[in-house]
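Below is one structure, written out as structure tokens, with a few remarks after it.
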DNA sequence: CATCACGCTGTTTTT
DNA sequence: CAGCGTGATG
């Protein structure tokens with residue numbers, strides 16, 4: 034019993050207690066999924082505070098800001114209110130904060146702008162025309178791929194040559210071009226005072242490595258360090274941790290090698306085991322008792338990890354008894370999968386389960402599109418995490434570009450966006466205007482003086498007027514919301530002109546305006562948007578705590594749990610390019626990804642896979658043995674999973690799901706018939722008319738409201754009206 | 001030099 | 001589906 038009345042021994046098991054009572058010196062906590070890792074961290078923070086350590090001096094590093102905020106909140110409500118003042122954040126936010134203070138030590142201005150992924154890609158694609166592409170027949174990588182290559186090689190600290198040899202063999206003959214691009218991109222960033230996410234980390238490390246005084250100052254400022262999800266750090270971040278703890282060695286890292294799923298950004302779970310090489314007398318604590326899942330679920334997850342070629346640690350166990358075996362359900366096709374899940378959820382609700390208790394997890398954002406349509410048609414509310422970020426949609430980026438040049442008038446990426454929105458200005462004119470502005474420093478008000486301005490460039494004059502408003506007032510005193518409204522007055526007509534579905538986009542901008550209202554200055558507002566972009570409608574704060582289903586990528590679901598979890602997994606095998614399963618390394622990560630997904634489930638786990646491919650455009654069928662899921666479950670002992678098949682053609686009597694055939698079988702004439710001229714409704718595109726029957730499962734529909742008039746649509750996304 | 005229509009391709013994950 | 005390249009048009 035301690036002074037404040039938290040009886041740690043009563044709320045923690047022995048291993049957790051050991052971690053919580055550890056005060057000074059290095060410690061490595063190996064914490065299996067669901068072993069109360071967060072709980073342990075929380076109580077350890079509380080414990081440190083109760084020991085009299087100033088909360089500000091405790092630094093808690095996590096991978097998402099959301100995770101750190103939640104931890105702090107729980108710590109201050111569960112244990113000690115002073116925990117509210119603990120310093121917490123992500124590696125990136127810490128780096129930003131420190132670099133803004135010490136930029137000059139690195140020869141940078143402290144008003145640098147942060148590039149998000151799409152900014153990065155935009156710069157790259159503007160640089161690509163400057164290089165001569167290889168003459169050979171092989172394709173040059175797309176901008177997304179180039180960005181991946183540059184980012185990952187930077188994070189791995191490998192030379193381009195070495196990197197291509199090991200990771201992108203297919204682009205090896207583009208080596209000279211990629212090297213040039215790498216250099217051009219670096220020069221561009223230097224010239225325009227820009228940093229991408231990788232630069233934040235890399236620059237922080239150099240700062241720490243080269244400046245003992247900064248290091249000492251920081252180790253005084255943060256004298257106790259904790260790092261969550263340590264298996265997801267890359268070697269640069271591990272260096273940062275080492276430097277930060279260099280003076281005092283009060284460092285506790287917590288992680289689980291089986292949950293390392295970020296190798297695409299250079300993360301290496303071996304960091305965990307190298308930790309003991311860099312610090313002496315590391316206390317190692319293993320948390321192996323699982324408090325989350327039923328034993329049958331753990332048998333599955335243990336089984337999955339037993340197939341891994343490298344396993345360092347633990348086998349999870351629980352004291353819980355009972356529970357159903359996880360189910361593997363062959364839903365035959367993707368539409369049937371969506372219908373199955375939707376029906377099942379409805380039944381659960383009828384049984385009294387809350388929607389909040391159910392989650393559907395998947396590999397990539399677009400894997401849930403089909404399901405989303407089905408849920409919408411059935412009126413099931415859901416919140417989706419991960420995948421596409423709404424901040425990356427064109428209208429939001431366009432709008433924010435205007436605000437960005439208000440803060441930083443040299444910001445060429447944003448200028449390009451803005452200018453190209455003006456009628457009759459394209460790539461070439463945009464470039465020449467930017468060059469002109471550079472040569473004549475101080476573009477804001479004087480854009481109207483551009484010599485090329487003429488009667489067909491009326492838009493430029495208006496833009497100049499808008500910007501002159503900002504130019505004349507003190508930028509630091511502009512209230513973000515006010516600035517927002519002014520830009521909106523200018524941008525709204527452009528929005529209407531450009532998008533047929535502008536009301537939706539307008540609404541999203543209005544939501545963004547609400548967020549802007551929470552800030553006192555534009556700078557911070559923009560920084561926060563890049564560093565911690567809202568990833569779901571919930572983050573935007575407009576859907577109040579409504580009870581709804583969770584849809585999430587596995588990556589975004591990390592650290593969370595639900596009583597009932599569905600996993601949708603089978604699509605990987607369908608891509609001709611999905612050679613993942615031939616590459617043992619990627620296969621290993623895929624396995625850990627499945628492990629993370631499965632360990633989210635508390636009571637009920639349902640793996641769904643359509644054994645038959647049915648997407649438009651990808652007509653060929655993939656044998657079940659090649660689908661992603663089956664490669665995980667093939668090697669498992671037969672009694673770990675309960676196998677089932679559903680689907681019209683199979684008429685499986687064992688199926689737990691008996692529906693009238695017409696309700697969900699594509700083979701049965703019924704709701705899936707459409708004929709030419711029929712009126713239909715799509716959940717996203719609204720009403721339309723069937724214009725043509727293209728094939729067995731494909732029709733063409735003419736939509737009035739959609740940006741595009743003609744779309745090939747799958748039957749199941751449509752509703753007859 | 002900007003823009004538009006058309007056809008082809010290729011699909012991740014996050015700060 | 002979007003994002004890119006191409007070729008025609010203004």
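Residue numbers (the numbering used here): 34 to 754.
All C-beta atoms in this analysis are idealised placements derived from N, C-alpha and C, irrespective of residue type, glycine included.
| Asked | Found |
| --- | --- |
| Through-space distance from residue 529 to residue 455, alpha-carbon basis | 13 angstroms |
| Endpoints, the alpha helix (DSSP H) within which residue 135 is located | 124 to 135 |
| Residue range of the unbroken alpha helix (DSSP H) whose run includes residue 275 | 268 to 277 |
| Residue closest to residue 518, alpha-carbon to alpha-carbon, out of 465, 579, 588, 433 | 433 |
| Anticipated Cβ contact below 8 angstroms, residue 320 with residue 65, distance rounded | 6 angstroms |
| The segment 130 to 148 / the segment 234 to 254 touching (three or more Cβ pairs under 8 angstroms) | yes |
| Cβ distance (whole Å) where residue 179 is taken to contact residue 214 below 8 angstroms | 7 angstroms |
| Residue 45 classed as buried or exposed, judged by whether at least 16 other C-beta atoms fall within 10 angstroms | buried |
| The segment 430 to 450 / the segment 405 to 421 touching (three or more Cβ pairs under 8 angstroms) | no |
| Contact check, residue 263 vs residue 305, beta carbons under 8 angstroms | yes |
| Nearest neighbour of residue 283, chosen from 260, 302, 299, 47 [CA to CA] | 260 |
| Whole-angstrom distance between residue 94 and residue 397, CA atom to CA atom | 26 angstroms |
| Closest by C-alpha distance to residue 673, when choosing among 67, 224, 359, 413 | 359 |
| Collapsed DSSP secondary structure at residue 469 in the structure displayed | helix |
| Coil, strand or helix - residue 458 by DSSP | coil |
| Entirely enclosed alpha helix (DSSP H) segments - the segment 271 to 342, minimum 4 residues | 303 to 311, 328 to 339 |
| Residue 546 to residue 414 span [Cα, whole Å] | 25 angstroms |
| Start-end ranges of the beta strand (DSSP E) lying completely within the segment 204 to 242, minimum 3 residues | 227 to 229 |
| Where the alpha helix (DSSP H) containing residue 196 begins and where it ends | 193 to 200 |
| Helix, strand or coil at residue 162 according to DSSP, with G and I counted as helix | helix |
| Outcome for residue 270 when other beta-carbon atoms lying within 10 angstroms are tallied against a minimum of 16 | buried |
| Cα-Cα separation between residue 770 and residue 537, rounded to whole angstroms | This structure cannot settle anything about residue 770, because the visible part of the chain is limited to 34 through 754. |
| Inter-stretch contact (C-beta, 8 angstroms, three-pair minimum) for the segment 74 to 83 and the segment 105 to 120 | yes |
| Segment contact flag, the segment 202 to 211 with the segment 116 to 130, C-beta cutoff 8 angstroms, min 3 pairs | no |
| Three-way DSSP call (helix, strand, coil) for residue 357 in this model | coil |
| Opening and closing residue of the beta strand (DSSP E) in which residue 399 lies | Here residue 399 belongs to no beta strand (DSSP E), and DSSP marks it neither H nor E. |
| Alpha-carbon to alpha-carbon, residue 589 and residue 121 | 19 angstroms |
| Extent of the continuous beta strand (DSSP E) to which residue 440 belongs | It is not in any beta strand (DSSP E) - residue 440 instead sits in the alpha helix (DSSP H) that spans 427 to 440. |
| Cβ-based neighbour list, residue 340, same chain, cut-off 7 angstroms, excluding 5 preceding and 5 following | 624, 668 |
| Residues that DSSP places opposite residue 675 in a beta bridge | 360 |
| Best match in 292, 300, 670, 676 for proximity to residue 332 [C-alpha to C-alpha] | 670 |
| Proximity to residue 296 [Cα-Cα], best of 188, 230, 164 | 188 |
| Residue of 248, 377, 364, 293 minimising C-alpha distance to residue 18 | The chain is shown only over 34 to 754; residue 18 falls outside these bounds and no answer can be derived. |
| Cβ distance (whole Å) where residue 67 is taken to contact residue 350 below 8 angstroms | 11 angstroms between Cβ atoms; not a contact. |
| Burial state of residue 313 (16 or more Cβ within 10 Å) | exposed |
| Strand pairing of residue 91, partner residues [DSSP] | 257 |
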